[in-house]
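Asker: Residue numbers (the UniProt record's numbering): 1 to 146.
(1) Which word fits residue 136, buried or exposed, when buried means at least 16 other C-beta atoms lie within 10 angstroms of its C-beta?
(2) When you compare only the Cα positions, how much space is there between residue 39 and residue 74?
(3) So for residue 92, helix, strand or coil by DSSP?
(4) Count the C-beta pairs between the region 99-113 and the region 74-88 that are closer than 8 Å, then say yes if the count reaches three, no if not.
(5) Going by C-alpha distance, which of 54, 10, 4 is nearest residue 125?
(6) Give the straight-line distance between the Cα atoms of residue 109 and residue 70, rounded to the nearest whole angstrom.
(7) Would you say residue 82 and residue 99 are within 9 Å of each other, going by their C-beta atoms?
(8) Cutting at 8 Å between CB atoms, please list the residues of its own chain near residue 130, excluding the five before and the five after it.
(9) What did DSSP end up calling residue 9 once you bin it into helix, strand or coil?
(10) What would DSSP say about residue 142, mapped onto helix, strand or coil?
(11) Does the beta-carbon of residue 20 have 16 or more other beta-carbons within 10 angstroms, so that it is buried, or is it exposed?
(12) Confirm, please, whether the CB-CB distance from residue 132 to residue 160 is below 9 Å.
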């Protein structure tokens, strides 16, 4: 096999691997967002919220859900754009990079919204509740990194 053919084959395989990785990562993130989290279970099942706290947290969750749905839709659109760019070019082009960047922007925005949501919920809790809440947040974040 000539050196130019080897280079082209390497580029094509590298691009394909990068695209599959970006798509797979996106699918993983979106699926994880739909599972009930330990934090959600703690808040609604173990913190003995008052009716006022329930009402306030329900409002925060409705606001967050709307933002989350919008950002998840953006992530799916970015993945579709990535698939189309790969199908059209079969190489790592600026269009492929733009789709990956679009996905990462939406994923980053979702993470920021999630953290803001957690912090907003915390403000509704009593000092006793925040201790358990904080422990669960830290545990959840550190378990995800392992």
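C-beta: ideal position from N, C-alpha, C; glycine also. Computed from a prediction, not measured in an experiment: that's the story for all the values here.
Answerer: Judging by the given coordinates:
(1) A residue is called buried when at least 16 other Cβ atoms come within 10 angstroms of its Cβ; residue 136 meets this threshold and is buried.
(2) If you take the alpha carbons of residue 39 and residue 74, they lie about 25 Å apart.
(3) The answer is coil: DSSP assigns residue 92 none of H, G, I, E or B.
(4) Short answer: they touch.
(5) Among 54, 10, 4, the Cα nearest to that of residue 125 belongs to 54.
(6) Our two residues, residue 109 and residue 70, have alpha carbons roughly 11 Å apart in a direct line.
(7) Their beta carbons are under 9 Å apart, which means residue 82 touches residue 99 by this criterion.
(8) Answer for residue 130: 122, listed in chain order.
(9) Residue state, collapsed to three classes: helix.
(10) In the structure shown, residue 142 sits in a helix (DSSP, three-state: H, G or I).
(11) Flag for residue 20 reads exposed.
(12) Because the chain spans 1 through 146 in this model, residue 160 falls outside it and cannot be assessed.
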